[in-house]
Every structure is written in structure tokens, then in C-alpha cells.
Amino acid sequence: MSRASMTRRAALKLGAGVSAAYLTTSGMVTAQGLDKVSYQTNWRAQGEHGGFYLAVTNGIYRKYGIDADIRMGGPQQNPTQLLIGGRVDIIMSNSFEAIHYVRENMPFLCIGAIFQKDPQVIICHPGVGNDSFEALKGKTILVGAGGRSGYWPFLRARFGYTDEQVRPYTFNMAPFLADKNICQQGFVSSEPFAIQQQSGVAPLAHLIADAGFANYNTTFNTSRKMVDERTDAVQRFITASLEGWAEYLKGGPNVEAANKAIMRDNPDMDIAKITYAAKVMNERGIVLSGDALTLGIGAMTDARWETFYTQMRDVGVFPPGLDYKKAYDLRFINKGVGKA
Numbered sequence: 142m143s144r145a146s147m148t149r150r151a152a153l154k155l156g157a158g159v160s161a162a163y164l165t166t167s168g169m170v171t172a173q174g175l176d177k178v179s180y181q182t183n184w185r186a187q188g189e190h191g192g193f194y195l196a197v198t199n200g201i202y203r204k205y206g207i208d209a210d211i212r213m214g215g216p217q218q219n220p221t222q223l224l225i226g227g228r229v230d231i232i233m234s235n236s237f238e239a240i241h242y243v244r245e246n247m248p249f250l251c252i253g254a255i256f257q258k259d260p261q262v263i264i265c266h267p268g269v270g271n272d273s274f275e276a277l278k279g280k281t282i283l284v285g286a287g288g289r290s291g292y293w294p295f296l297r298a299r300f301g302y303t304d305e306q307v308r309p310y311t312f313n314m315a316p317f318l319a320d321k322n323i324c325q326q327g328f329v330s331s332e333p334f335a336i337q338q339q340s341g342v343a344p345l346a347h348l349i350a351d352a353g354f355a356n357y358n359t360t361f362n363t364s365r366k367m368v369d370e371r372t373d374a375v376q377r378f379i380t381a382s383l384e385g386w387a388e389y390l391k392g393g394p395n396v397e398a399a400n401k402a403i404m405r406d407n408p409d410m411d412i413a414k415i416t417y418a419a420k421v422m423n424e425r426g427i428v429l430s431g432d433a434l435t436l437g438i439g440a441m442t443d444a445r446w447e448t449f450y451t452q453m454r455d456v457g458v459f460p461p462g463l464d465y466k467k468a469y470d471l472r473f474i475n476k477g478v479g480k481a
């Protein structure tokens, strides 16, 4: 999954996104008196977006006076371009993009992070000696273009890997399934499930974040204009989103409407995939770990941003002397929402 995003079909079709103006637990309602905020996701509807869907279907956004327009992503569109072009208020992104804004002197920034752990993994076959990151030195690893410019420089420096062991990943799992000596990139909540379904064997999934990779993911990236001119609406949108995630991660009957909305928006999604994603997010601490355990869901800290910038600067991804603190704002998060 490259997690780019695609244009939302006009609101004629709810299946292209879900809005609090159209879908709540009480049915059809108007958006009168609500502040409209649009949020562009980075891929098609899936369990990894469950907290946003729940905040719509269970009326949390409306409780906070927000008409949330959650726009489904896909392969044909770039959320950052939509943000820069003023076509969306907030996008789902990551720390990399936020620091790139600073590098390019662009008036955008990150104001919260749902995923404390980047969900990217290196997937390997079990039982062939690939049981740790250290063991992968010299082994063939399939990595896409995004990974080669993102986490790969970190792994290369951290574990002594070389570029010679990398082969292109084309988002086709056939080469991996055919050769037990090959490893490949993936998302912890997605490809391992598909591989197990096809092969009958659960693969190893080495979470890059557990090796110290400090990138935040599933973030709220927005414009400085939005933050400065619509501060109150932004705060209410963020708080409602965090409450949606807190409720979604608990599972049970309260998530059923959200899961149905996900499957309606993305017919390729089914309840088994969604349930697996939620299970893995909980088991691996994707949302609730680290600072989020004490500061709440969505947490970010100065120390974590410094660590990430330093990691990427030291491997040549970011230039030295960059004022990385311009990449983020902590005022909307760290308020204890959903903390363990």
C-alpha cells in the first residue's frame, strides 16, 4: 500500500467518503449550526481509519459541533497536493511531510498523531533464520520507492544493511510467497493478514518503529492559516477524532456502525480484514504506546520530534540546521484523551 489518496467523488455518493452531515446514529440530519471541517485520508477506507469513521457514525463530531467530511483516499491523488491547493482542511500524513514543509518554506504543519508507531514492517518467512532485524543483514529485501527514501536509510545505518540487498517492491506478493529467503515491506495491519490467508502460515512482521524509527504516522497535517483562523474548530475536530479512536480501539458493539461504513465505502474491505487491523493495532501498540499512555491518544512531544529529525539528518535525508520545530504545534493534543 503506497497510501497516496484519491479524489473523493462528489457528495452524490456517500461511498466516496463519510460526513457527519449525512450519516449519524440518528440518520439523515442537516449540518446547520455545525462547523465544517474536511479531512483527507491517505488510502481507501479500512480498519486503520476506524476511529474517524466511528466519530462520524456515533455522533462524536456532532457532539462537538463539527460537520466532519472524512474523504476517502486512493491511488490517484496526493493528499499533500490537496492541502497545498486549499482543497481540504486537514490531511492524514506523517512526520516526513511536516518537516518537508519546513524545508520548502511552506506554511503547513503537523498538529497531532494517531499512530505513535509507524505501522511499516519488514515481513519475513518464519523458520529460516530471519527472526530479527539484525539477522536480515545481507538478505534480499523488497522495498518500494517510498521506503527507500524514507525508512531504508535509517535501517541501513542502524543495522549495517547495504543498498545491494534491496530489490524493488511492486506491491505484488508473489515473489515473496515463492521464495522463503526473500523479505518484503508491508503494513503490520494489512499484508501479514493477506500472506497468511494465501499461504496458511503467519509471517514474521518486524515493526520498524520497534527498532527506534521515530516517525509519527496517521497525523493531522494542516495549514498555519487553518490553525490561526479556525483555532476553536480545529481543537474540537481533533478532540472528537481522538475520542472516536479511544472508543474504536475498545471494540464491541459500539464499532459496528463504523465498520459497516468502512465496508460500504470500500467494497474490497471485509469484517475479517477490519477486525485483524484493529487487533494488531492494539497488540502492537500502534495507537496506544509511548507518550500516548500518559498524554493521551494523538500525543506528540518536542523530544520525539527532535529524535526523528536527528535520525533523518544523520542519514542524509534532512539537511543540518533545519528549524524542525516549525513542523509541528502541540497545543491541540496531550490533553489525556483516551489514555490507558
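If you count by our numbering, then the sequence shown holds residues 142 to 481, one letter each, in order.
Every residue, glycine too, gets a C-beta built ideally from N, C-alpha and C.
Remember, predicted model here, so these are calculated numbers, not experimental data.
Annotation for T435: the continuous alpha helix (DSSP H) segment containing it runs 433–436. Secondary-structure assignment with DSSP links Y180 through a beta bridge to I211, I231. The residues G188, S330, F334, in chain order, have a CB closer than 8 Å to that of Y417 in the same chain once the five nearest residues on each side in sequence are set aside.
In chain order, S234, N235, C251, A254 place their CB closer than 6 Å to the CB of T360, counting only its own chain and leaving out the 5 sequence neighbours on each side. In the DSSP annotation of this structure, I412 is not part of any beta strand (DSSP E); the continuous alpha helix (DSSP H) holding it starts and ends at 412–424. Close CB contacts of Q339 within its chain, under the 8 Å cut and outside five residues either way in sequence, are with M314, L318 (chain order). Secondary structure of Q217 (DSSP, three-state): coil. Counting every other CB atom within 10 Å of its CB across the protein chains shown gives N395 a total below 16, marking it as exposed.
When C-beta atoms of the region 188–199 are compared with those of the region 382–395, three or more pairs fall below 8 Å, so the two segments count as touching.
Spatial neighbours of T303 in its own chain (CB-CB distance under 6 Å, excluding positions within 5 residues in sequence) are not present. The Cβ neighbour count for K258, taken over all protein chains shown within 10 Å, is at least 16; the residue is labelled buried.
Beyond the five residues adjoining it in sequence on each side, L471 comes within less than 7 Å, by CB distance, of M441 in the same chain, given in chain order. Secondary structure note for L195: it is in no beta strand (DSSP E), and the uninterrupted alpha helix (DSSP H) holding it is 191–198.
Secondary structure note for Q257: it is in no alpha helix (DSSP H), with a DSSP letter that is neither H nor E. Looking only at Q376, D406, N322, the smallest Cα-Cα distance to G439 is reached by Q376. Between K280 and N271, the beta carbon gap of about 6 Å places them in contact (Cβ cut-off 8 Å). Comparing alpha-carbon positions, the option among D208, I201, W184 lying closest to T221 turns out to be W184. For T451, the secondary structure class from DSSP, reduced to helix, strand or coil, is helix. Per DSSP, the unbroken alpha helix (DSSP H) holding Q376 starts and ends at 372–391.
The straight-line gap separating the alpha-carbon atoms of T372 and T311 is approximately 41 Å.
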